[in-house]
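Numbering (my numbering), first residue to last: 337 to 686.
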């Protein structure tokens, strides 16, 4: 974005990047592959058992964080609408690929505005929210060392011995071109279903795609081969495509002045208040539910993390990598629910 703004990129290069980004709709291929791939590649038992365990602290924490963040932003003069949709919701949306980009696409469709401008507004809260969660998780780790009775050292509840394990991560995926192609076609097909819902019912396409993908996964219709291949598709796009795509979006659709204006003291105050209240609620609600409060708080912290990368950073800072299955649920499913509810709410208010 800065290179384009300062005219440091050669004009032919910038023109090619802009033409490719705006004419190919490659962004939609990325979105479908990331969201559908991440959900289908999760182990079904992890998804069900893990979600049931962390649902209450996560749900209450999300509501409290939304209320606190919106209240702080309103008191600081930002207004409830702007605070919630452009600061609070992006923090809990699940990162860049799974959160900020689908949100900005949904906002653009509802408001009739440029997606790049909206992306420039929702991206900074995602980044700063994840950084705040990493720092606070490190503090929780220090608290656990001083108060050992508050932590299970990676166990969520007393008597639990890690009965939930991420199967797709521990089982090496078989590299089969046909299965990988099937996973890619499945992602595109589910996005087409989302587009049909948008055309027929005016229902946001990313929301419909998320809902269908989760239902498809919970139904047990996803074969082990498709599950492993979906993970390969997800890892490929998240590893190899994210940064080139962000470069293209930055150069072609993201105005530098809007991006920079989002980094200010008022926004930072709202972001810190939102993440801190999310984590604190997880701590106290988890304690009331006979869960280890530090572990419950760390899982809630992952809900404000920057996707899978954020989960790794948060759990590394907390020294509790064994919580990864729960972190993935908080980030992926929690983020998907946040995106869904946020777009539905905006469509009702607009």
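Beta carbons: idealized from backbone N, C-alpha and C, even for Gly.
Residue i burial status per 10 Å Cβ neighbour count (16 or more: buried)
| i | result |
| --- | --- |
| residue 342 | exposed |
| residue 379 | buried |
| residue 639 | buried |
| residue 360 | exposed |
| residue 685 | exposed |
| residue 647 | buried |
| residue 624 | exposed |
| residue 483 | exposed |
| residue 485 | exposed |
| residue 447 | exposed |
| residue 389 | buried |
| residue 377 | buried |
| residue 347 | exposed |
| residue 399 | exposed |
Alpha-carbon to alpha-carbon, residue j and residue i
| i | j | result |
| --- | --- | --- |
| residue 595 | residue 459 | 8 Å |
| residue 641 | residue 471 | 11 Å |
| residue 600 | residue 414 | 12 Å |
| residue 419 | residue 561 | 43 Å |
| residue 695 | residue 553 | Outside the shown range of the chain (337 to 686) lies residue 695, about which nothing can therefore be said. |
| residue 650 | residue 410 | 29 Å |
| residue 535 | residue 352 | 31 Å |
| residue 350 | residue 575 | 24 Å |
| residue 405 | residue 466 | 15 Å |
| residue 397 | residue 616 | 8 Å |
| residue 530 | residue 433 | 17 Å |
| residue 387 | residue 338 | 41 Å |
| residue 558 | residue 677 | 26 Å |
| residue 675 | residue 548 | 14 Å |
| residue 563 | residue 412 | 46 Å |
| residue 358 | residue 542 | 19 Å |
| residue 403 | residue 612 | 12 Å |
CB of residue i within 8 Å of CB of residue j, strictly
| i | j | result |
| --- | --- | --- |
| residue 407 | residue 610 | no |
| residue 524 | residue 565 | no |
| residue 369 | residue 586 | no |
| residue 455 | residue 578 | no |
| residue 618 | residue 435 | no |
| residue 688 | residue 546 | Residue 688 lies beyond the residue range present for the chain, which begins at 337 and ends at 686; the question has no answer from this structure. |
| residue 474 | residue 628 | no |
| residue 626 | residue 493 | yes |
| residue 490 | residue 668 | no |
| residue 394 | residue 604 | no |
| residue 569 | residue 442 | no |
Option nearest residue i by Cα separation, candidates the options
| i | options | result |
| --- | --- | --- |
| residue 660 | 486, 675 and 644 | 644 |
| residue 427 | 576, 616 and 608 | 608 |
| residue 391 | 457, 663 and 545 | 663 |
| residue 322 | 626, 416 and 469 | Given a span of 337 to 686 for the chain in the structure shown, any question on residue 322 remains unanswerable. |
| residue 598 | 437, 563, 462 and 665 | 462 |
| residue 614 | 417, 344, 424 and 416 | 424 |
| residue 630 | 345, 532 and 478 | 478 |
| residue 580 | 346, 676, 683 and 363 | 363 |
| residue 444 | 464, 430 and 422 | 422 |
| residue 653 | 513, 381 and 480 | 480 |
| residue 354 | 583, 602 and 679 | 583 |
| residue 656 | 679, 632, 678 and 673 | 632 |
| residue 438 | 620, 412 and 527 | 527 |
| residue 592 | 394, 453 and 449 | 453 |
Contact test: residue i Cβ vs the ligand ZN heavy atom, cutoff 7 Å
| i | result |
| --- | --- |
| residue 381 | Looking for the ligand ZN in the displayed structure turns up nothing, as the structure carries no ligands at all. |
Interface flag, residue i vs chain D, CB-CB below 8 Å
| i | result |
| --- | --- |
| residue 451 | Considering every chain present, this structure includes no chain D. It has just one protein chain. |
(request) Mind listing, in chain order, the continuous alpha helix (DSSP H) runs of no fewer than 4 residues lying wholly within the segment 342-402? (result) 347-360 and 362-376
(message) Restricting to runs no shorter than 4 residues, where is the alpha helix (DSSP H) found entirely within the segment 515-587?
(response) 541-554 and 560-572
(request) Please list the segments of the alpha helix (DSSP H) lying wholly inside the segment 615-686, counting only runs of 4 or more residues, in order along the chain. (result) 629-638, 643-654, 660-664 and 670-685
(request) Would you mind listing the beta strand (DSSP E) stretches within the segment 407-489 that are 3+ residues and don't spill past its ends, in chain order? (result) none
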